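In my numbering, the protein residues as written are 37 to 228.
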């Protein structure tokens with residue numbers, strides 16, 4: 037049975053803050069539905085009706101394209117330990133890039149990692165709890181360092197040229213590329 041809430045409760049916020057990963061789903065009117073797993077310490081609850089997450093460059097930029105076209109987003113967290121729980125945040129989001137107004141305010145909530153291209157600022161419409169009884173038990177061993185290492189390998193000019201050339205989603209929707217290169221130290225342990 038699913039229960040809906042108009043805003044995040046303190047108990048739900050505490051659950052979210054403990055999770056090592058989350059999933060992001062977006063769609064536009066036409067084309068593919070995007071579903072992406074996210075890791076690192078990249079999610080923040082900014083208030084009962086506002087959340088945000090730090091986004092690193094990856095294989096595409098579908099979330100940005102979909103939010104520009106449609107705005108809708110669903111974030112899902114799963115409890116891989118006891119008690120079982122699936123927790124969804126439904127909302128509308130926007131991409132805030134380093135060159136945008138509002139970047140400094142949002143970025144102050146995060147440790148900016150190599151490969152950071154934007155922060156997604158999400159207005160929460162409502163949230164849902166469901167049982168999660170079908171989710172397996174799993175243990176978080178460690179974060180992977182591979183993605184951050186990959187972003188540090190090219191020079192600043194090479195990295196900016198690469199991300200600057202990505203101006204469309206896989207379905208041809210427009211994407212605004214970041215114009216800033218972050219090269220802070222990698223602080224994630226473990227092999228990639």
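All C-beta atoms in this analysis are idealised placements derived from N, C-alpha and C, irrespective of residue type, glycine included.
No experiment lies behind these values; they were computed from the predicted model shown.
Give me the Cα-Cα distance between residue i and residue j, rounded to the nearest whole angstrom.
i	j	result
residue 129	residue 159	6 Å
residue 117	residue 141	34 Å
residue 33	residue 111	With the chain running from 37 to 228 in the structure shown, residue 33 is simply not present.
residue 194	residue 69	30 Å
residue 174	residue 114	10 Å
residue 230	residue 40	A question about residue 230 goes unanswered here, because the residues of the chain that appear run from 37 up to 228.
residue 43	residue 54	18 Å
residue 169	residue 119	9 Å
residue 124	residue 185	31 Å
residue 147	residue 77	8 Å
Can you give me the Cβ contacts of residue i inside the same chain, cut-off strictly under 7 Å, excluding the 5 residues immediately before and after it?
i	result
residue 143	155
residue 166	38 and 122
residue 157	88, 129, 130, 132 and 142
residue 93	151, 153, 187 and 199
residue 202	97, 211 and 213
Leaving out five residues before and five after residue i in sequence, what residues of the same chain have Cβ atoms less than 6 Å from its Cβ?
i	result
residue 216	134
residue 105	64 and 209
What residues in its chain sit with their C-beta under 8 Å from that of residue i, if we drop five residues either side in the sequence?
i	result
residue 161	126, 127 and 128
residue 56	75, 176 and 179
Locate the alpha helix (DSSP H) running through residue i, then write down its first and last residues.
i	result
residue 74	Taken as a continuous stretch (DSSP letters only), residue 74 belongs to no alpha helix (DSSP H), being part of the beta strand (DSSP E) at 70-74.
residue 192	192-200
residue 155	Taken as a continuous stretch (DSSP letters only), residue 155 belongs to no alpha helix (DSSP H), being part of the beta strand (DSSP E) at 152-166.
residue 209	No alpha helix (DSSP H) holds residue 209; DSSP gives it neither H nor E.
residue 51	46-54
residue 187	182-188
Determine, for residue i, whether the minimum Cβ-Cβ distance to residues of chain D falls below 8 Å.
i	result
residue 120	The structure shown has no chain D; it contains just one protein chain.
With respect to the beta strand (DSSP E) encompassing residue i, which residues constitute its N-terminal and C-terminal limits?
i	result
residue 179	Taken as a continuous stretch (DSSP letters only), residue 179 belongs to no beta strand (DSSP E), as it is neither H nor E.
Okay, do the stretch 208-217 and the stretch 89-108 touch, 3+ Cβ pairs below 8 Å being the bar? Because the criterion of three Cβ pairs below 8 Å is met, the stretch 208-217 and the stretch 89-108 touch.
Could you tell me which uninterrupted alpha helix (DSSP H) segments, each at least 4 residues in length, are contained entirely in the stretch 60-143, listed from first to last along the chain? The stretch 60-143 contains these whole alpha helix (DSSP H) runs: 98-105 and 139-143.
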